[in-house]
Amino acid sequence: MIVGYLKFPNRFSLMGILMLISVPLLIYFFPLENLIKSNFSSQKIYNSTGFKIINDWLALIFGDNKEVNTVIIFKAQIFIAFAYTYHYLNWFSKTSVIGWAKTLELKKMILVLGIWILSIALYLYNYQTGLMVLFILSMIHVLAEFPLNVLSIKTIFQKLISK
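According to our numbering, the sequence shown is numbered sequentially starting from 5.
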């Protein structure tokens with residue numbers, strides 16, 4: 005995103021960068037009671053997936069203060085959800101930078117669409133299985149993205165040094 009702004013400065017890229025900075029601050033300073041909406045089914049899903057384990061780890065890290073931990077842990081989960089959502093939406097802004105839309109053949113597009121439909125079907129069939137399979141797919145995505153991250157960081161430093 006920063007690379008895109010440095011190469012082609014425009015107000016939408018700047019808004020994206022500002023949002024990336026401001027939303028975590030909003031999550032941190034916004035009162036928790038305005039953020040929590042819970043019901044039985046969401047609690048059941050939470051207890052049956054790895055999210056409860058993540059929160060238990062966070063509780064170990066931050067100590068025994070239950071009142072403080074609840075706030076920190078919920079805000080950490082909200083931040084993780086924001087980071088994932090922002091990351092995936094950011095891919096749409098990268099189409100011109102990466103150029104993947106130009107190289108996407110019909111066969112590859114059908115494969116991607118098939119994986120997407122299969123992912124949704126897996127969640128509908130069994131949420132835990134869907135979550136596990138998509139976690140593995142996410143890890144593959146993260147590992148495959150490392151070369152792009154290195155290139156982005158290198159480009160940012162080159163642009164900043166050349167100014």
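Glycine included, each C-beta is placed from N, C-alpha and C at the ideal position.
Integer-rounded CB distance, given that residue j should sit under 8 Å from residue i
| i | j | result |
| --- | --- | --- |
| Leu-126 | Val-137 | 6 Å |
| Ile-77 | Ala-63 | 6 Å |
| Leu-10 | Ile-160 | 7 Å |
Buried versus exposed, by CB contacts within 10 Å (16 or more), residue i
| i | result |
| --- | --- |
| Gly-103 | exposed |
| Ile-84 | exposed |
| Gly-20 | buried |
| Val-146 | exposed |
| Gly-54 | exposed |
| Gly-8 | buried |
| Ile-82 | buried |
Selection from the options that minimises the alpha carbon distance to residue i
| i | options | result |
| --- | --- | --- |
| Trp-95 | Asn-153, Asn-14, Ser-166, Thr-133 | Asn-153 |
| Phe-22 | Phe-55, Ser-52, Asn-51, Tyr-90 | Before going on, a small fix: residue 22 reads as Leu here, not Phe. The option with the nearest alpha carbon to Leu-22 is Tyr-90. |
| Phe-33 | Phe-16, Tyr-92, Val-75 | Val-75 |
| Lys-4 | Leu-24, Val-7, Gly-134, Leu-36 | The first residue shown for the chain is 5 and the last is 167, placing residue 4 beyond what the model contains. |
| Thr-133 | Asn-14, Lys-56, Ser-52 | Ser-52 |
| Leu-24 | Ile-114, Met-5, Ile-57 | Met-5 |
| Tyr-88 | Ile-65, Ser-142, Pro-13, Ile-121 | Ser-142 |
Would you say the segment 22-29 touches the segment 107-114, given that touching needs at least three Cβ pairs under 8 Å?
-> no
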